[in-house]
Amino acid sequence: MLLGAAFFHPCQSQTADSASLSTDKNLRNKVLSDIQDNLDKKTKTIDLTLSKLDHKVDSLDIEIAESRDAREKADKLLQRVQALEKKQAAIEENELYVYQANYQSAIINLVSMDKEIKPLLLFNSAKNFFSTLTETADPMKYPGYQDWYKKFYAYIEKQKDKEPALSVLHDMVQLTGNITSGVPIAGPVSQALFLGIESYISSVGSKKKAEKEESQKMFLLTAKLSQFDYDKDLIEQQWEIVTKELEKLQIHYDTILNQNLSLLKVAPPEYLHRFSKENDAEMRYQFLTELRKKASALITDRKAADLKSWKQPIYYELMDVQSLKLRFGELTFDIRGIMDKYDELIHKYRGDPEIGLKVQELEVKLNAMRDTFDGAFEPTEYINSATRMYLVN
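Letter by letter, the sequence shown follows residues 59 to 451 of the numbering used here.
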């Protein structure tokens, strides 16, 4: 079974992108199908030849056993040796065909990965989600907070020389954020911030009931967003890890791709012009077909040049491509797991009276991102197809 591959792509301009990727997938699958059909025809011919030779050997064995004439027996033995030699030649020819098909499959899947990996590195599909996520964690985006914060910050400025805690808070806010960029509510500054808000609430006289209630409300909002921000940061650390792994994979991919293009005597500019940047599907199909033929010819030349160890270097190329596919599939599992973590985060806060409405807006964006991913890529299928990528002779 030759490998069929899956894909993932940004949801920006989703309709056009999905159509483009669908075309790319169809092209890849068509070429892989061509490879499989060609191999099936050759294998069928080989099987027929082997069947005839086996039948001939069996018949000669019977004739040799029954013969009483020494010359006739010697002639039959010679025919038997010739039939076995033809059988061995057919087996070796079939082995060549299998290696040709496997390497062709590896090349087609390798070049197809170019458009699978890069969109994941860019994470453009997540722009709307992460933009909303940032806004959800920003207290300045909530009604009344900016006006309240101006009064609170004025209090800090006024009292910073009188209260050490407020002096520390003032310095930390100056360092990490201000009234225009948003107040930091996660990390070491959060404790100082809460102490400052408590001090501000205590300073509000009992006669200013509305102002005190407003401050208490903003304190509660700040505390909840601080916890939300903390939970969010834990998940974003996993995103950063996956992003770095994808960057490493991209570098490794480029190395393997250039290595194989060199073997096939295809210059990188030609590859970019005729495949990566080519918009015409028929032209890309023609290029993939040419790569197929070059890959097949390479195997033939390698065997002719070194009958003893021609398979070993080709085997390494096959394993390099398969390992890329498997690693990429594993990373998409990680991505899906991170989406699940965000889903847990949303369900934790979506019913909250202070931040629930914004979290529900975030849920819509997450569902859109997940739909794009699930509609275009299935990690289990991708990994399973990679493990069954090559025929075994």
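Note that CB positions come from ideal geometry on N, CA and C, so glycine has one too.
- Query: Ends of the alpha helix (DSSP H) at H310?
  - Reply: Residue 310 sits at position 252 when you count from the first residue of the sequence shown. Run containing H310: 267-321, per the alpha helix (DSSP H) assignment.
- Message: Using the Cβ count rule (16 or more neighbours within 10 Å means buried), how would you classify A64?
- Response: Counted from its first residue, the sequence shown places residue 64 at position 6. Here the model assigns A64 a pLDDT of 30, short of 50, so the residue's position is not dependable and the matter cannot be decided.
- Excluding the five sequence neighbours on either side, which residues of its own chain have a C-beta within less than 6 Å of the C-beta of K399, listed in chain order? Stepping through the sequence shown from its first residue, residue 399 is reached at position 341. Closer than 6 Å at the Cβ level, and outside the excluded window around K399, lie I293.
- To the nearest angstrom, report how far apart V379 and D172 are at their CA atoms. Counting from 1 along the sequence shown, the entry for residue 379 is found at position 321. Counting from 1 along the sequence shown, the entry for residue 172 is found at position 114. Those two C-alpha atoms are separated by around 12 Å.
- Message: Am I right that V262 and E269 are in contact with their C-beta atoms under 8 Å? What's the rounded C-beta distance?
- Response: Taking the sequence shown and counting its residues from 1, one reaches residue 262 at position 204. Taking the sequence shown and counting its residues from 1, one reaches residue 269 at position 211. The pair is a contact, with the Cβ atoms about 5 Å apart (cut-off 8 Å).
- Query: So which of I165, P222, F188 has the shortest CA-CA distance to L322?
  - Reply: Within the sequence shown, residue 322 is the residue found at index 264, counting from 1. The option with the nearest alpha carbon to L322 is I165.
- Query: Excluding five sequence neighbours on each side, which residues of the same chain lie with their C-beta closer than 7 Å to the C-beta of I237?
  - Reply: Within the sequence shown, the letter at position 179 stands for residue 237. Confidence is the limiting factor: at I237 the pLDDT is only 46, short of 50, which leaves the residue's position unreliable, though a coordinate-based value still follows. Cβ neighbours of I237 beyond the five flanking positions: Y207, K208, Y211.
- Beta-carbon contacts of L424 that lie in its chain and below 8 Å, excluding the five residues immediately before and after: The residue labelled residue 424 in the question sits at position 366 within the sequence shown. If we look at L424 and ignore the five residues flanking it on each side, its Cβ neighbours are F187, M397, Y400, D401, I404.
- Task: Identify whether P437 lies in helix, strand or coil by the three-state DSSP scheme.
- Result: Start at 1 with the first residue of the sequence shown, and residue 437 comes out as number 379. Three-state result, P437: helix.
- Task: Look at the Cβ atom of A195, then the Cβ atom of L449, and state whether they are nearer than 8 Å.
- Result: Taking the first residue of the sequence shown as position 1, residue 195 is located at position 137. Taking the first residue of the sequence shown as position 1, residue 449 is located at position 391. Contact: no.
- Item | Selected residue, minimal CA-CA separation from H113, among K88, K144, L382, A132 | Mapped onto the sequence shown, residue 113 falls at position 55. Checked all of K88, K144, L382, A132; the closest Cα to H113 is K144.
- Item | Closer than 8 Å to chain C by CB, L449 | Checking the listed chains, one finds no chain C in this structure; it contains a single protein chain.
- Query: Per the contact definition of three or more C-beta pairs closer than 8 Å, is the stretch 84-92 in contact with the stretch 340-359?
  - Reply: yes
- Query: Expressed to the nearest angstrom, what Euclidean distance is found between the alpha-carbon atoms of F435 and N316?
  - Reply: Counted from its first residue, the sequence shown places residue 435 at position 377. Counted from its first residue, the sequence shown places residue 316 at position 258. Near 26 Å, if we compare the C-alpha coordinates of N316 and F435.
- Task: Note down, in chain order, each residue of its chain lying with its Cβ closer than 8 Å to the Cβ of A141, except the 5 sequence neighbours on either side.
- Result: Numbered from its first residue, the sequence shown carries residue 141 at position 83. Within the same chain, A141 has close Cβ partners L111, K114, V115, L118.
- Message: Can you list, in chain order, the residues of its chain with a C-beta nearer than 8 Å to that of S264? Leave out the 5 residues immediately preceding and following it.
- Response: For the purposes of this step, residue 264 is taken as the residue at position 206 of the sequence shown. Excluding sequence neighbours, S264 sits near K270.
- Item | First and last residue of the uninterrupted alpha helix (DSSP H) at P197 | Locating residue 197 in the sequence shown gives position 139, counting from the first residue. No alpha helix (DSSP H) holds P197; DSSP gives it neither H nor E.
- Under 8 Å Cβ to Cβ from L389, same chain only, skipping five residues before and after it: list those, please. Indexing the sequence shown from 1 puts residue 389 at position 331. Cβ neighbours of L389 within its own chain (closer than 8 Å, five residues either side excluded): L178, V300, E303, L304, L307.
- Task: Would you tell me roughly how many angstroms separate the C-alpha atoms of A353 and A363, rounded to the nearest one?
- Result: On the sequence shown, residue 353 is found 295 positions in, with the first residue counted as 1. On the sequence shown, residue 363 is found 305 positions in, with the first residue counted as 1. If I take the Cα positions, the gap works out to 15 Å.
- From Y374 to Q249, what distance separates their C-alpha atoms? Here residue 374 refers to the residue found at position 316 of the sequence shown. Here residue 249 refers to the residue found at position 191 of the sequence shown. Approximately 56 Å between the Cα atoms of the pair.
- Classify Y258 as helix, strand or coil using the three-state DSSP reduction. As a working note, residue 258 is residue 200 in the sequence shown. Y258: helix per DSSP, three-state reduction.
- Please look up how many angstroms separate the CB atoms of K369 and M447, rounded, as I've assumed it's under 8 Å. Here residue 369 corresponds to residue number 311 of the sequence shown, with the count starting at 1. Here residue 447 corresponds to residue number 389 of the sequence shown, with the count starting at 1. Their Cβ separation, rounded to whole angstroms, is 17 Å, which puts K369 and M447 out of contact at 8 Å.
- Collapsed DSSP secondary structure at K220 in the structure displayed: Stepping through the sequence shown from its first residue, residue 220 is reached at position 162. Coil.
- Query: If you follow the alpha helix (DSSP H) that H405 is part of, which residue opens it and which one closes it?
  - Reply: By 1-based counting over the sequence shown, the position of residue 405 is 347. Element bounds for H405: 369-407.
- Query: Quick one: is D456 buried, meaning 16 or more other Cβ sit within 10 Å of its Cβ, or exposed?
  - Reply: Given that the chain is displayed from residue 59 to residue 451, the structure contains no residue 456 and the question cannot be resolved.
- Taking three-plus beta-carbon pairs below 8 Å as touching, is the stretch 275-286 in contact with the stretch 407-418? Touching, yes.
- In angstroms, rounded to a whole number, what distance separates the CA positions of Q137 and Y311? Here residue 137 refers to the residue found at position 79 of the sequence shown. Here residue 311 refers to the residue found at position 253 of the sequence shown. Using only the alpha carbons, I get a separation of about 52 Å.
- Query: Roughly how many angstroms lie between the CA atoms of Y329 and E336, to the nearest whole one?
  - Reply: Residue numbering aside, residue 329 sits at position 271 when the sequence shown is read from its first letter. Residue numbering aside, residue 336 sits at position 278 when the sequence shown is read from its first letter. When rounded, the distance between both Cα atoms is 9 Å.
- Hey, which unbroken runs of the alpha helix (DSSP H) at 4 residues or more fall wholly within the stretch 109-171? 128-170
- F345 - containing alpha helix (DSSP H), residue span: Counting from 1 along the sequence shown, the entry for residue 345 is found at position 287. First-last of the alpha helix (DSSP H) with F345: 339-363.
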